[in-house]
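To start, the structure itself, in structure tokens.
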Amino acid sequence: MLRVMTWNIRTGGRDAGGVDRLDRIARVVQAQRPDVLCLQELRGFDRNGLLGDVAGRVGMRPHLARSCFGQPVAVLVRPPLRVLSRGRVLRPFHHAAARVAVATDAGPLTVVSTHLNPYLGGARRAEADWLAAAVRRSGSLVLLAGDLNTLEPGVDHADRLAGLPEHYRRRHLRRDGRTVDTRAVSRLLAAGLVDLWTSGPPGAPDAAGLTVPTRHGGAEFSGMRLDYLLGTPAVAAAARACRVVRDEETDHASDHYPVLLELALSAA
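The numbering used here numbers the first residue of the sequence shown as 5 and each following residue consecutively.
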């Protein structure tokens, strides 16, 4: 079974007040032991060997995509999973999109870690179109993971948005100020990707797959699902379980909870 986890670790795992959360983050990764780890908001990870240091602590090999405007993202791979190719989606993302292909018993699996524009729905839609084009060029086994900063389509978000201050609420509305902007995820689903989240039992804390906020914080959130794992139909056929990782460590390690997916695939 191949385990893939996506996680926005918030500003490189360190807060402006000097609080360093990297030890907590490393403990979560060590406990969950993903074979592939998609990370977002890696502020400072492209300097002073920080990426290599953190990757070494969790026993994984890192592949970083730098950002021109925002923060880097990365895909980390645990040996013996073999990397066939790596790179980034070459478009002007607000943050970035890292792409790594690994060898599995079903053929090459391409994993993309990304973080879409947090402020503008139109920009997120354009970034989603760039990602959809990259997926079409990447074969039959493709997994897109990350913080898409987009509410899922087909769900009534009125109550969640009503609890936000206006300047945060506007991030999730169209120009008319009323219509919820779900275009980025909708475009990716229309491109043939499958949402791999499986709803939990009714009333369970993660029944709706909510990934923000945590107890650590997140004033711009109000019980939302912003972090996704989307796969091509071949990946969806291999999906066995998908859950939000909620425990004492993840409550305080970031303002996002990680999401963990199990795939019926093996390293080749």
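The beta-carbon is built from N, C-alpha and C at its ideal position, and this holds for glycine as well.
{"Asked": "Cβ-based neighbour list, Leu68, same chain, cut-off 8 Å, excluding 5 preceding and 5 following", "Found": "Leu46, Phe49, Asp50, Leu55, Pro76, Val77, Ala78, Ala102"}
{"Asked": "Minimum C-alpha distance to Arg82 - residue among Val33, Ala110, Leu120", "Found": "Val33"}
{"Asked": "The segment 113-120 in contact with the segment 168-185 per 3-pair CB rule at 8 Å", "Found": "no"}
{"Asked": "Whether Arg28 touches Glu253 by CB criterion (7 Å)", "Found": "yes"}
{"Asked": "Among Thr186, Ala257, Tyr232, the one whose alpha carbon lies nearest that of Thr118", "Found": "Tyr232"}
{"Asked": "Per-residue DSSP class, three states only, for Gly126", "Found": "helix"}
{"Asked": "Backbone secondary structure at Leu193 - three-state DSSP", "Found": "helix"}
{"Asked": "Minimum C-alpha distance to Pro84 - residue among Met64, His99, Arg92, Phe73", "Found": "Met64"}
{"Asked": "Alpha-carbon to alpha-carbon, Ala271 and Ala35", "Found": "20 Å"}
{"Asked": "Test item: CB-CB of Glu156 and Arg229 under 7 Å", "Found": "yes"}
{"Asked": "Extent of the continuous alpha helix (DSSP H) run through Leu54", "Found": "54-61"}
{"Asked": "Assigned exposure category for Thr202 - 16 Cβ within 10 Å defines buried", "Found": "exposed"}
{"Asked": "Reference His99; option with closest CA among Asp19, Ala194, Ser71", "Found": "Ser71"}
{"Asked": "Pair within 7 Å by beta-carbon distance, Leu152 and Ala188", "Found": "yes"}
{"Asked": "Backbone CA spacing between Arg18 and His260 [nearest angstrom]", "Found": "14 Å"}
{"Asked": "Through-space distance from Gly158 to Leu200, alpha-carbon basis", "Found": "15 Å"}
{"Asked": "The segment 209-228 contacting the segment 178-197, beta-carbon criterion three pairs below 8 Å", "Found": "no"}
{"Asked": "Reduced DSSP category for Glu156 - H, G, I as helix; E, B as strand; rest coil", "Found": "coil"}
{"Asked": "Buried versus exposed call for Leu88 [16 or more other C-beta atoms within 10 Å across all chains shown]", "Found": "exposed"}
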